[in-house]
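Residue numbers (the numbering used here): 23 to 158.
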């Protein structure tokens, strides 16, 4: 699917109705593994019908949310002792931006594009420390 492809608003409404409660729960949870569980469940929703076939951006959201999960697995970059904090920051940002997103085609497109760009980097920005070590 391309950026120019229209978003089916009925499918988008169903997707938001399924994902939004998971993100609300994730926001209220403490601990990276508890937050992770709800974001990964939201990512799983991206793979389900009708979203995987008929919703522009669902595949990219799956990729983005699962790349955050990869931080915890140390793949492809091992962040060592900083992995939990980095993953929590990124999960928290993904969740908060989702909850702040306007429930519209433009809001959804902006969210997907922002996260597509964020995960396109080779490593997550750590700001105050050098990036982790790539694993082979």
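By construction, the Cβ of each residue, glycine as well, lies at the ideal position given by its N, Cα and C atoms.
Values in this document were obtained by computation on a predicted structure and should not be read as measured data.
Counting only the same chain and skipping the five closest in sequence on each side, list residues whose C-beta sits under 8 Å from that of residue 157.
As a working mapping, residue 157 is identified with position 135 in the chain shown. Here the model assigns residue 157 a pLDDT of 49, short of 50, so the residue's position is not dependable and the matter cannot be decided.
Does the Cβ-Cβ distance between residue 48 and residue 57 come in under 8 Å?
On the chain shown, residue 48 is found 26 positions in, with the first residue counted as 1. On the chain shown, residue 57 is found 35 positions in, with the first residue counted as 1. Result yes, Cβ atoms of residue 48 and residue 57 sit closer than 8 Å.
Just to confirm before moving on: does the CB-CB distance between residue 85 and residue 33 stay below 8 Å?
Within the chain shown, residue 85 is the residue found at index 63, counting from 1. Within the chain shown, residue 33 is the residue found at index 11, counting from 1. Cβ distance not < 8 Å, so residue 85 and residue 33 don't count as in contact.
Only counting the same chain, and skipping five residues up and downstream in sequence, which positions put a Cβ closer than 7 Å to that of residue 30?
Translated into the one-based positions of the chain shown, residue 30 becomes position 8. Closer than 7 Å at the Cβ level, and outside the excluded window around residue 30, lie 76 and 77.
For residue 138 and residue 91, I'd like the C-alpha separation in whole angstroms.
For the purposes of this step, residue 138 is identified with residue 116 of the chain shown, where counting begins at 1. For the purposes of this step, residue 91 is identified with residue 69 of the chain shown, where counting begins at 1. For residue 138 and residue 91, the distance between alpha carbons rounds to 15 Å.
Cβ distance (whole Å) where residue 123 is taken to contact residue 130 below 8 Å:
Along the chain shown, one-based indexing puts residue 123 at 101. Along the chain shown, one-based indexing puts residue 130 at 108. Correct: roughly 7 Å between the Cβ atoms.
Rounded to the nearest angstrom, how far is the Cβ of residue 54 from that of residue 94, given a contact under 8 Å?
As a working mapping, residue 54 is identified with position 32 in the chain shown. As a working mapping, residue 94 is identified with position 72 in the chain shown. Rounded, the Cβ-Cβ distance is 7 Å, consistent with contact.
Exposed or buried, residue 44, counting other C-beta atoms within 10 Å across all chains shown (16 or more means buried)?
As a first step, residue 44 must be located in the chain shown, where it is residue number 22. Looking at its Cβ environment, which holds 16 or more other Cβ atoms inside 10 Å, residue 44 is buried.
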